[in-house]
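Here is the structure we will look at, set down as structure tokens.
Numbering (the numbering used here), first residue to last: -17 to 964.
Here it is, written out as structure tokens:
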């Protein structure tokens, strides 16, 4: 039989317990469910896209990210980070997602076989172990399928480019047609095809059952350049009151930046550029035509190709012994493309820059500008940083392939003659990641190729090949080196471009082994309270888990030789194992008494022993139903999260982070001729009096951070409080309402001191703790080369906390006498999302991100979100037609600097002040042609609502001037599909 096609409402179900006997709607912790039919109703083929429609979920890694993407897809519950919630398949833990993230990769989930998804709020470590701090997402797979099925889906995006940035783009395209264009009219792209075949049935007279599936999915890319609101990287102008087009100072024709004390350009500025007209001269920058627009090259949606297959087998060996097994396999390939690499603040002396004054590519005017005017001769090196984009070499792209498999086998059954059952299992999972990073440039090769000299016969050669032997012949040290001319303004020699190209390779694996044994049951009539009809139920067990990681970058990654990498990618190798002992009790207290239709107590405890420490997790829950229609519930849970292998063993190195732009349009508060911060404040961060007023900003908003692991990390400790009620009134048959308050706090959370916080606090307070983390480099910058950075290594810091109220409602009824109707609603009111950066942080250093975005708050955190579904099944055509309308609402958010909180204080551009309310309407329908053939189609974001825009979104979770893992960024999503049963 084809599966039901109506989208089920989000309802409360029982989960978060190891005791099988619990019944629906009696859990003491709130759980939201997404029914399998919702996948069809929304046309999604990426499971994270469906989870992210729920207000409990915040933007995380996914297919809509480019710069900063991991190639995986993850889930972030409650906005406290994707490593603080646990992802399960059939109630069992998934492995690390990749070599650079511990968060599970939900690409591994076969969406066509998902029967439902259960999302548990709050700590669940007592039940599931470490990491279940903000909750659990449990994907239940249909392993009892009978028959044969072909499930097909096709989708694409359509957008009308007619937004308010058309005039801005036209202005910049007129001035600089090489960098900008104006997308207009209708565009369709991002096509996805998804096909899954499933077979299943009983064998051996019904004693055994097997289900097997195979699937293929292919997704085409979307480029930022094809959307008018993403075609250029946004900046601000007019005092921050309107958007402008910005970009990177590393341009197609070289820009020059002087940062050395005692050295100055004769034009009176720290900036200059090579004349793009090809005159061989150095001229002033105009900051419009010589800023590189990197957006059009970047993926808005990454291309993806995925193969997956699996099998589920159950076999009854005896009436009391049942064997079960699961095999899941995936090969997922994606390509992450961003703008071309370049000479990012380099020179003949590497990342300290430098132009040799005897370079034969320099004209007389350039020699005078760079050298003679500063008293330098032919044998000297001008201390200049060069910034030149390698557009001839093509965009950087990272080919990433994840090959994942998971094998699980176990025995379960009852112990004959008792009320006891058992479940013993073993699982092994392995994730292999291989990546090839293409079209980056080698810093070593750049240094050699820029250092050109005359060979004595009027021919430019690399200086490394200019030494001569005793006979006067040139000694060739690097025969591949070709001099790189970036001073003429003309395209460089293609041979030089080929020489600079530097592919980087990395492979490695993560492995997970889990052994579990548990016993469960009840005590029969021997153990019960005197006021309850049901007996006490329990579960006890033991679990061993081992996680291993082995990441192997090649020499180019390890040395940091990739010019566009921001620093080295270090090898990581480590393992972590833990032994857990756990138990649960479900105690009915009072049943079928006056004022106590049902009341019960729920207890759980888990002891976890690691190599160097132990942790305790526990839960106390209470529910009370005075009469059958209403049930009150509450719980307290102590949860823990031990540091994962990445947080423990990652080598410390230079990377990149984003700062927020101030009202003057600059990102560094100490940059520019009129900095946003005072000279005294900037002096706190290491700016000298001579540097103040002349520090160069990075218009791309990216700056250096120094981060890495810490072997001395302690476990995070979390406390979760929930209380609420479920109401099913007898006067309104089919109506269910639940309201639950949640309060989650995480003490000693593993993280870093946010770079923006360190900079802000140093500016404002001058405290040594924060100022010691700020290291001003060449010319006082934090980006021009690796000498400038803000330190942000892993440590046990302060406290994270969030609280709010979840609302759920569902109502099934007859609409007149012509149709069945269902209305379902899920909403969240976010009260706070607070960070206390350090244990010693004062009130002025604590900040609350509820209702804010950007800077330390990252992706938007609206105070209110909801999703409302209207499902209609008319009686006509034998009720074979189903229709659904969905209304998704995201409340408004303001830029973090508007909050008035001292820790978030700072200037901001008014045009970035607010993301207004976002409302999306989705429509879909399905029609059962026969009992075995169902067609479906729909449109999400029917009205093609543009996403809210900002110039400070940065890289992941930002992309293309917005947050595409939060908002609908590509226009209308149009889908169609069919399910055919044989």
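C-beta: ideal position from N, C-alpha, C; glycine also. On a predicted model such as this, the values are computed, not experimentally measured, just so you know.
- Counting C-beta atoms within 10 angstroms of its own C-beta, residue 472 has fewer than 16 neighbours from the protein chains shown and is therefore classed as exposed.
- When the alpha-carbon of residue 12 is set against those of -1, 43 and 568, the nearest one is in -1.
- Spatial neighbours of residue 383 in its own chain (CB-CB distance under 6 Å, excluding positions within 5 residues in sequence) are listed in chain order as 315 and 416.
- Shown here, residue 140 sits in a strand according to DSSP, grouped into three states.
- Residue 456 and residue 768 have their C-alpha atoms roughly 34 Å apart.
- In the structure shown, residue 481 falls within a helical segment according to DSSP collapsed to helix, strand and coil.
- Per DSSP, residue 859 is one residue of the alpha helix (DSSP H) stretching across 858 to 861.
- By the neighbour-count criterion, in which 16 or more other beta carbons inside 10 Å mark a residue as buried, residue 740 falls on the buried side.
- Sorting 85, 431, 267 and 96 by C-alpha distance to the C-alpha of residue 474 places 431 at the top.
- Short of 7 Å from the beta carbon of residue 704, and not among the five residues preceding or following it, lie these beta carbons of its own chain, in chain order: 11, 12, 103, 104, 616, 617, 722, 723 and 724.
- For residue 156, the enclosing alpha helix (DSSP H) has its first and last residue at 148 to 157.
- With a threshold of 16 other beta carbon atoms within 10 Å, residue 428 meets it and is buried.
- Counted as a single uninterrupted DSSP element, the beta strand (DSSP E) harbouring residue 315 occupies residues 303 to 322.
- Residues of the same chain with a CB within less than 6 Å of the CB of residue 807, apart from the 5 flanking positions on each side, are 791 and 850 in chain order.
- Distances from the CA of residue 286 to each of 341, 46 and 726 were compared; the closest alpha carbon is that of 46.
- One thing to note: residue 48 has its Cβ no nearer than 8 Å to the Cβ of residue 338.
- Counting along the chain, the unbroken beta strand (DSSP E) around residue 175 starts and ends at 167 to 185.
- Ranking 450, 449 and 445 by CA distance to the CA of residue 466 puts 445 first.
- Residue 469 sits in coil when the DSSP states are folded into three classes, being neither helix nor strand.
- Annotation for residue 22: the continuous alpha helix (DSSP H) segment containing it runs 19 to 24.
- Distances from the alpha-carbon of residue 205 to those of 892, 169 and 245 put 169 closest.
- For residue 683 and residue 916, the gap between their C-alpha atoms comes out near 50 Å.
- Residue 841 and residue 897 have their C-alpha atoms roughly 11 Å apart.
- With contacts defined by Cβ atoms closer than 8 Å, residue 213 and residue 278 form a contacting pair.
- Following the DSSP letters along the chain, one finds residue 664 inside the alpha helix (DSSP H) bounded by residues 661 to 666.
- Contact between residue 218 and residue 224 holds: their C-beta atoms lie close to 7 Å from each other, under 8 Å.
- Counting along the chain, residue 30 sits inside the alpha helix (DSSP H) bounded by residues 29 to 33.
- Within the region 599 to 680, the runs of beta strand (DSSP E) that reach at least 3 residues and sit entirely inside it are, in chain order, 612 to 623 and 635 to 640.
- The shortest CA-to-CA distance from residue 690 to any of 837, 595, 43 and 774 is the one to 774.
- Within the model, the alpha-carbon separation for residue 442 versus residue 376 is close to 25 Å.
- Around the Cβ of residue 147, a 10 Å sphere holds 16 or more other Cβ atoms; the residue is buried.
- Segment contact: the region 628 to 642 against the region 544 to 559, three or more CB-CB distances shorter than 8 Å; contact assigned.
- In this chain, residue 588 is not harboured by any alpha helix (DSSP H); it is covered by the beta strand (DSSP E) spanning 578 to 591.
- Burial check for residue 563: the Cβ neighbour count within 10 Å stays below 16, so the residue is exposed.
- For residue 750, the closest C-alpha among the options 673, 963, 304 and 668 is that of 668.
- Sixteen is the threshold: since fewer than 16 other Cβ atoms of the shown chains lie within 10 Å of the Cβ of residue 575, the residue is exposed.
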